[in-house]
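Q: Input: one structure, supplied below.
In UniProt numbering, the protein residues as written are 1 to 112.
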């Protein structure tokens, strides 16, 4: 669900649409496409419209991209590489002064 570029919201700042747009489509290889029916690769559309059948997710994702524009997030790196990047470099969340009610991942502080 999380990505370094996407905000996480406080209870006061969260709305259904903000929460749905704070998800990311990730590449999960054969397992994601054939075992999970593309639910990981098409996660944003799943959160926006959870009743769309999986076999329509590709078409729906392509249709919604122009509508949500910069709010669409896709990471095509290897899933394990993404996981390593997130858990290896991020430590905590802090308030984002640019977006009321939003939190952002913060990088680990290097002790001197």
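From the three backbone atoms N, C-alpha and C, an ideal C-beta is built for every residue, glycine too. These numbers were taken from a predicted model, which means no experiment stands behind them.
(1) Just to check my reading of the structure: residue 75 and residue 24 have Cβ atoms closer than 8 Å, yes? What is that Cβ distance to the nearest angstrom?
(2) Relative to the C-alpha of residue 72, which candidate in 82, 61 and 81 has its C-alpha closest?
(3) Which residues in the same chain have their Cβ closer than 7 Å to the Cβ of residue 68, if we skip the five residues on either side of it in sequence?
(4) Could you give the DSSP three-state label for residue 94: helix, strand or coil?
(5) Compute the minimum distance between the beta carbon of residue 96 and the heavy atoms of the ligand ZN, and state whether it is under 7 Å.
(6) If the criterion is Cβ atoms closer than 8 Å, does the pair residue 15 and residue 103 meet it?
(7) Among residues of its own chain, excluding the 5 on either side of residue 28, which ones have a beta-carbon nearer than 8 Å to its beta-carbon?
(8) Pick from 26, 17 and 54: whose alpha carbon is nearest that of residue 114?
A: Considering the structure as presented:
(1) Contact flag correct, Cβ pair sits at about 6 Å.
(2) Here the closest residue by C-alpha is 61.
(3) Only residues of its own chain outside the window of five on either side were considered, and among them 21 have a CB closer than 7 Å to the CB of residue 68, listed in chain order.
(4) DSSP, reduced to helix, strand and coil, places residue 94 within a strand of the structure shown.
(5) No copy of the ligand ZN occurs in the structure displayed, which carries no ligand at all.
(6) In this structure, residue 103 does not lie closer than 8 Å to residue 15 by Cβ.
(7) Within the same chain, residue 28 has close Cβ partners 36, 40, 41 and 79.
(8) Since the first residue shown for the chain is 1 and the last is 112, residue 114 is missing from the structure and cannot be characterised.
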